[in-house]
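Order-wise, the sequence lines are chains H and C.
Throughout the first sequence, residue numbering follows this note's numbering, covering 1 to 801 in sequence.
Throughout the second sequence, residue numbering follows this note's numbering, covering 1 to 191 in sequence.
Even glycine gets a Cβ: it sits at the ideal position worked out from N, Cα and C.
These numbers come from a predicted model, not from an experiment.
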Amino acid sequence: MTNHYNDFRNADVILNMGSNVAENHPVSFKWIQAAKDKGAIFIHVDPRFTRTSTKADIFVRLRSGTDIAFLGGMIKYILDNNLYDEFYVKNYTNASFIVNPKYGFDDGLFSGYDPTKRAYDASTWALEKDEQGVPKREMSLQDPRCVFQILKRHYSRYTFQKVSEITGTPMADLEKVYKAYGTTGAPDKAGTVLYAMGWTQHTVGVQNIRAMSIIQSLLGNMGIAGGGVNALRGESNVQGSTDAGLLFHIWPGYLPNPQAQLATLADYNKTTPASKDPRSINWWKNRPKYVASFLKTMFGDKATKENEFGYAWMPKLDTGQDASWLNLFDEMYKGSFTGFFAWGMNPACSSANAGKARQALTKLDWMVNVNVFDNETGSFWKGPGMDPKKIKTEVFQLPCAAFLEKEGSISNSGRWMQWRYKAANPPGVAKPDGDIIHELFKKVRALYEKGKGPFSEPILNLKWDYETNGHFDIHKVAKEINGYDLTTGKLLPNFVPLKDDGTTSCGNWLYSGSYTEAGNMAARRKKTDPTGLGLYPEWSWCWPLNRRIIYNRASVDLDGNPRDPMRPLLKWDGAEKKWIGDVPDNAVPPMGTTGAYPFIMKPDGVASILGPGLKDGPFPEHYEPLECPIEKNLISSQRINPVIKVFEGGLDTFLTCDPRFPFVCSTYRVTEHWQTGVLTRWLPWLIEAEPQIFCEMSLELGKLREIKNGDRVIVASPRGKVEAVAIVTSRLKPFNIAGQAVHQVGLPWHFGWLHPKDGGESANLLTPTIGDPNTMIPESKAFMVNVSKLAKRPAKKPAKS
Amino acid sequence: MSMKITRRTFLKISGATAAGTVMGGLGFDLSPAEVYAQELRIKGAKATTTICCYCSVGCGIIVHTDANGKVINAEGDPDHPINEGALCPKGGSSFQIAVNPNRLQKVLYRAPSSAAWKEVSWEWALNKIAANIKKSRDKSFIEKNAKGQIVNRTNGIASVGSAALDNEECWLYQKFLRALGLVYIEHQARI
């Protein structure tokens, strides 16, 4: 999130799209309600009427997988009706920047496409620069090659009629949403968007969010109270685990994981983002300091200037290698791994095409499964269709402490890092995950100290000093993440003093400032609110630098005065020469004096309306999901995203417009369960409230398939099938897609064979192995299924005595 | 952290937040008499603050433990600025995570081709896992890739996890995995 949960209350218009906030982030609805109580308009756009919709001032439906068409229409409406914030667009976005003359777009393809590689050469999307290397601008926004005019041309195709044909949303409904949200282009109005997996789990996931980012930039809604682009993330610490670099492509703090062509640290540092624009702060120019300080936390005294701080000891990816989830399980299925950790995860139910993931587990020599409860991954060898005798995988199931049985911090979606205290001991011999990692590493190191092994330096040289009085001490890790001045041994106040010469250490630069000489900032509980905007600067701590709303200098005019006098997030005090309000997104003076652009993490310093850095184009364009109900994309000849990687063969099958799988399907969540259900299915109160898997469908579809409410049905996709209870309801309705009726169904994915016995299976047995080309997040929100009534089970014969 | 909530502030806060509880039922929609009864139940108990383990809203929870250290209650933290005492059905049930006979309490091992778990000690399990790690790593470690570039990585081990860990544990886990040479490091954020 750019903003945070309490900030929802500051919005005039709230758009919830690609999420069901009332059911999946229930308590946050308190702050939507607070906004509504003050007169805010709440809009819900979703294929399905949910409890969120019941609270919406405007609810409209769209067919799953058509968000870009919907939002593209909104971009056109904002431009056609001059609803954009002209000052903001000219000063704080790249709308005025000039694009390479070779840029082009034709019939669904951007310039530079190579069909044999299914990839783009993005060089023709680049911004033009002058002799000094500064991007060229044309402030009247009239130049046909400027971003603004190209944007206008691109979305001129997204007419009401075209959008309505694609999305199935009636034109009047489209206009209602566009009009209401368009009002937030006024400088004293704030509009915010709340999204979740309904936007990310598509083959156009990143571009869904890009489309909304363009809208927020046009309306001047970024960097302001009550605005922003706000991901409602699914797990209590998925923000923190991402920040910590538990992904193949990033080290902690979003430092790119090095690839093979970057043989030395000097090579790596040559890729540091650069800008020649004196008005652009380009914060990432500091990256070499963060990398050196991170390596110092990895290898301590063994990391020296001479050995490039141990850079050579860190594993490198091949150039362009994608080691993300879907590829990981594809490799496992092919037998590439002998060992596997499923730590606090249940991929046997959470993987797309879970049937393939379960088979992949049989190819391992050993697996370590760490969890609070038994789960379908740890016990896969006794699951449906498995013959334990034939499965050679050795499995270790390690019991760990639950959240309230250990100390440590987690980061919520609003980037608040909050400290947890230990309330009780874990049951039996269960231990906190940190203790398990600590003890396991000591064992591994001892083996390498005793016996030889290839390239043991990173293991033997790893800095590992986390004990106090013989016990693992989580505070020592927290301090290492914050970082030290190694010349004084003092904790750093924040990341500003970090250096690239080995005299500072910092585990994650974004978290520097969280545990200082003044104490554990995440544990703070003071509820002062000096701005009156609910920033609570002394409650917990927020990355970066305790800044509660990022890019907040975009909320002021060129003299540093708040553009929205009712919600002053920042104000420049000319006499004192300082900012008052939130922690400024860089403390430079106002732009009208000697200041700099507000979007400091972008090399050009401004919000990207044209985004040349993605694999599938500089503007979002509508493509159909891999599996879709119509033969032809109604807006171009490219049916699917032209650069997605299609997995073929084995257990990966896909069918589109196949009469055997005629209905669009989404997986989703319910309030009473969480993820694969490992932490909810074992809780009696929750399993009583939501005991089993169900499939929601419209009254019309029920009639068509002679399915009544409460009937048992089979939901089948080309990958698998699950049995479910039918909920035949007016919450879903068929869509009119260019004159054709398209039915959509949905089912929750919280269940699994292990427990409860009659709860049903994982809905991920149905979902396809296909991901967004930029993130490889699977397309679980739009795929094709069939639904058929299950013949009644024969009554059980009485057991023979 | 131990804390104290007086009956007066408790009543004030619970009254103010009942309307804001989306799901109702499990929150603070209690009559004053019930609130008083609730207070008796936790009288003398130790209160510890924590943050909910489910979605990413980050609601504050107070956990009450009795003199023996047993969890006897878990409820929304009325002082927390996000949830102001309210919890959804999941957070409101988090007591049952602590007090639950189905919790994993033993270290379990399943041998190749076996049809059953066997209880083992931490020492035995960690020694065997460490030996497995070394074997897999040593067998699959490559210093150079097919192009002859230095990569220094372990191709034969993969990891998924975890957003269920605390920040410090996540950081420590990536440190451990990268020291072993893993590049197949993934977790919930990708799915």
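In this structure, how does DSSP classify residue i when only helix, strand and coil are distinguished?
i, result
"residue 107 (chain C)", "strand"
"residue 714 (chain H)", "strand"
"residue 361 (chain H)", "helix"
"residue 369 (chain H)", "strand"
"residue 154 (chain H)", "helix"
"residue 563 (chain H)", "coil"
"residue 665 (chain H)", "strand"
"residue 675 (chain H)", "coil"
"residue 345 (chain H)", "coil"
"residue 158 (chain C)", "strand"
"residue 172 (chain C)", "helix"
"residue 4 (chain H)", "coil"
"residue 350 (chain H)", "helix"
"residue 391 (chain H)", "coil"
Indicate whether at least one CB of chain C lies closer than 8 Å to the CB of residue i.
i, result
"residue 9 (chain H)", "no"
"residue 519 (chain H)", "no"
"residue 189 (chain H)", "no"
"residue 384 (chain H)", "no"
"residue 425 (chain H)", "yes"
"residue 17 (chain H)", "no"
"residue 615 (chain H)", "no"
"residue 437 (chain H)", "yes"
"residue 316 (chain H)", "yes"
"residue 374 (chain H)", "yes"
For residue i, tell me which candidate among the options has the shortest Cα-Cα distance.
i, options, result
"residue 132 (chain H)", "H:53, H:188, H:278", "H:278"
"residue 712 (chain H)", "H:13, H:96, H:206, H:696", "H:696"
"residue 587 (chain H)", "H:575, H:570, H:603", "H:570"
"residue 747 (chain H)", "H:596, H:764, H:694, H:791", "H:694"
"residue 292 (chain H)", "H:502, H:405, H:280", "H:502"
"residue 425 (chain H)", "H:404, H:173, H:200, H:750", "H:404"
"residue 398 (chain H)", "H:76, H:56, H:378", "H:378"
"residue 82 (chain H)", "H:412, H:178, H:273, H:319", "H:178"
"residue 39 (chain C)", "C:50, C:88, C:127, C:74", "C:74"
"residue 477 (chain H)", "H:702, H:511, H:773", "H:511"
"residue 224 (chain H)", "H:214, H:187, H:210", "H:187"
"residue 433 (chain H)", "C:48, C:117, C:171, C:47", "C:171"
"residue 857 (chain H)", "H:376, H:192, H:269, H:529", "Residue numbering for chain H in the displayed model covers 1 to 801; residue 857 (chain H) lies beyond these limits and cannot be assessed."
"residue 53 (chain C)", "H:407, H:565, H:388", "H:407"
Does residue i come within less than 8 Å of chain H when only Cβ atoms are used?
i, result
"residue 181 (chain C)", "yes"
"residue 42 (chain C)", "no"
"residue 90 (chain C)", "yes"
"residue 78 (chain C)", "no"
"residue 168 (chain C)", "yes"
"residue 45 (chain C)", "no"
"residue 67 (chain C)", "no"
"residue 5 (chain C)", "Legend: pLDDT at residue 5 (chain C) = 46, less than 50; position of this residue unreliable, no value from coordinates given."
"residue 10 (chain C)", "Summary for residue 10 (chain C): the model assigns pLDDT 42, below 50, so the residue's position carries little reliability; its value from the coordinates is reported in the next sentence. No, no contact with chain H."
"residue 102 (chain C)", "yes"
"residue 75 (chain C)", "no"
"residue 118 (chain C)", "no"
"residue 109 (chain C)", "yes"
"residue 39 (chain C)", "no"
"residue 36 (chain C)", "no"
My assumption, with CB atoms under 8 Å, is that residue i sits in contact with residue j. Please give the rounded CB distance.
i, j, result
"residue 498 (chain H)", "residue 519 (chain H)", "Wrong, their Cβ atoms sit about 20 Å apart, outside the cutoff."
"residue 45 (chain C)", "residue 66 (chain C)", "6 Å"
"residue 135 (chain H)", "residue 141 (chain H)", "Not confirmed; about 15 Å, so no contact."
"residue 298 (chain H)", "residue 462 (chain H)", "7 Å"
"residue 784 (chain H)", "residue 698 (chain H)", "With 8 Å as the limit, residue 784 (chain H) and residue 698 (chain H) do not qualify as a contact, their Cβ atoms being about 16 Å apart."
Note down, one range per segment and in chain order, each alpha helix (DSSP H) of at least 4 residues found wholly within the stretch 39 to 69 of chain H. 51 to 54
Which full runs of the beta strand (DSSP E) of 3+ residues lie inside the stretch 261 to 338 of chain H, going along the chain? none
With a floor of 4 residues, list each alpha helix (DSSP H) that falls wholly inside the stretch 576 to 660 of chain H, ordered by position along the chain. none
Taking only runs that begin and end inside the stretch 466 to 512 of chain H, name each unbroken alpha helix (DSSP H) of 4 or more residues, in chain order. 474 to 482
Where in the stretch 186 to 256 of chain H do unbroken runs of the alpha helix (DSSP H), each at least 4 residues long, occur, reported from the N-terminal end onward? 197 to 200, 205 to 218, 238 to 243
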